[in-house]
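For reference, the structure discussed in these notes is given below.
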Amino acid sequence: MASHPSARSHQADASLRERARAVIPNGMYGHQNAVNLPDNFPQFFARGEGSHLWDVDGNEYVDLLCAYGPILLGYQHPKVDEAAAAAQDAGDCLNGPSAKMVELAELLVDITPWADWAWLAKNGTDATVFATSVARTATGRREILRARSAYHGASPNWIGADMATPADGVSEYEFNDLTSVQTALDQASDDVAAIIVSAFKHDVGIDQELPTPEFARGLRDLCDANGIVLILDDVRGGFRIDMAGSWAPLGVDPDLSAYCKAIGNGHPISALMGRESLSDAVAKTFGTGSYWFTSAPMAAAQATLETMLETDGIAHLEQIGSALRSGWQQAADAHGVGIRQTGPVTIPLMTFDGDDFTARQAPRAYRFASELAERGVYLHPVHNGFLSTAISEADIAHTLEASDEAFEVVAAEFNG
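Structure (structure tokens):
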């Protein structure tokens with residue numbers, strides 16, 4: 003794949019967008035709506051293989067977004083797809099689950115030292131919403147504390163009048179600020195059922211922020227002292243930071259942990275894991291869905307996790323993530339472009355000095371991402387990226403060559 007830009011066609015994509023507008027409100031919806039992305043970003047894709055993605059016009063990209071997180075081992079991973087196909091051939095959606103449900107739950111519990119059970123569904127929102135229901139059942143309380151503006155799913159259980167407004171029964175604290183947590187607890191008058199916290203702060207429009215060990219341990223202590231359930235939202239970080247859970251390196255165990263995205267390498271499945279002390283509350287809390295028990299995604303998840311364990315996938319993700327971060331910094335410095343790289347190296351986010359994400363004004367990030375797209379690298383301008391184990395050293399080399407050229411364009415346009 004050549005690094006230098008060439009004329010890329012987007013005619014098929016434009017045609018599909020026009021047809022979509024006639025039958026889909028606004029032409030597209032949700033976080034995969036490309037309307038606010040640079041003009042040369044495609045809306046529709048044809049296929050993916052390994053670490054590469056092709057749009058409907060045949061343009062090829064090294065993929066640094068991985069379908070917003072679900073692709074962990076690369077597209078069309080043979081072991082995963084073979085496992086899913088075998089389950090599909092046997093009968094995917096039946097009157098009850100197959101043995102794959104038990105096998106996957108056993109595997110999840112086996113690799114998560116603090117957890118005693120697993121509950122399976124489809125989306126990350128399923129898992130976080132059910133977690134709050136379990137906490138309320140277990141404690142007999144109502145209030146849930148979340149970090150300010152934290153995203154835990156597209157549900158009225160979390161979102162009030164707009165994305166930044168908490169729903170009824172949800173109060174807020176500041177991430178990495180135990181004093182603000184204590185203040186929120188005091189204001190809730192002993193009615194707090196759970197504190198939910200993301201594995202790391204990843205609100206759109208701001209730099210990512212890793213939790214301090216003191217904050218994580220402090221949350222654990224506050225929950226223990228007040229009979230509150232600690233929920234770790236590991237939907238975004240799960241299985242890209244540590245196979246035992248993203249807070250395992252901090253030595254802090256939650257009471258409930260929600261997983262999705264990477265667990266099934268693109269197959270629709272999520273999981274909530276928890277302690278034995280909450281199993282009765284789970285049994286008393288109704289939650290179900292017609293497709294929650296399908297076998298193919300469970301088989302895919304089992305194969306995904308086994309492959310990550312067998313190949314030490316986390317180590318590879320950290321290696322390529324560190325190489326990418328180092329290379330970006332060197333290139334930015336060489337061209338006099340100020341950048342910040344935050345969060346886990348396996349879930350990269352780069353922001354540009356002079357851009358204002360909070361005001362949705364990020365011309366440098368948009369220009370950089372647009373230049374990368376012309377050179378065959380797909381990097382979202384403002385959303386964090388995700389890495390897959392399929393990304394090779396050659397992919398990183400191509401990305402950094404393209405990035406050097408893109409930084410040069412940004413410097414010429416904005417540093418004058």
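Mapping to the working numbering: the sequence shown position 413 is 415, numbers consecutive.
Yeah, the Cβ is synthetic: ideal placement off N, Cα and C, and Gly gets one too.
Remember, predicted model here, so these are calculated numbers, not experimental data.
Residue 200 is a Cβ neighbour of residue 152, given a cutoff of 8 Å.
The way I'd put it, the region 367-384 doesn't touch the region 227-237; fewer than three beta-carbon pairs between them come closer than 8 Å. In this chain, the alpha helix (DSSP H) harbouring residue 397 covers 395-416. If you check the CB distance, residue 411 and residue 366 do not come in under 8 Å.
Secondary-structure assignment with DSSP links residue 342 through a beta bridge to 353. Across the set 386, 84, 185 and 332, the C-alpha of 332 shows the shortest separation from the C-alpha of residue 407. Taking all protein chains in view, the Cβ of residue 386 is crowded by 16 or more other Cβ atoms within 10 Å, so the residue is classified as buried.
Taking C-beta separations shorter than 8 Å and ignoring five residues to either side along the sequence, the partners of residue 34 in its chain run 70, following chain order. Restricted to the region 129-214, the alpha helix (DSSP H) segments that are unbroken, complete and at least 4 residues in length are 180-189, listed in chain order. In chain order, 5, 373, 374, 377, 378 and 379 place their CB closer than 8 Å to the CB of residue 404, counting only its own chain and leaving out the 5 sequence neighbours on each side.
By the 16-neighbour rule on beta-carbons within 10 angstroms, residue 388 is buried.
Residue 194 sits away from residue 159, with the two beta carbons spaced by 8 Å or more. Residue environment: residue 251 is assigned as exposed (fewer than 16 neighbouring CB atoms within 10 Å of its CB, all protein chains considered). For residue 64, the enclosing beta strand (DSSP E) begins and ends at 62-65. The beta-carbon separation of residue 258 and residue 220, rounded to 18 Å, does not stay under the 8 Å limit for a contact.
DSSP places residue 73 in the coil class of the three-state scheme, outside both helix and strand. The region 255-273 and the region 69-85 touch, with three or more beta-carbon pairs separated by less than 8 Å.
Pairing residue 207 with residue 384 gives a Cβ-Cβ distance under 8 Å. Judged by pairs of C-beta atoms under 8 Å, the region 107-127 touches the region 277-287, as three or more such pairs exist.
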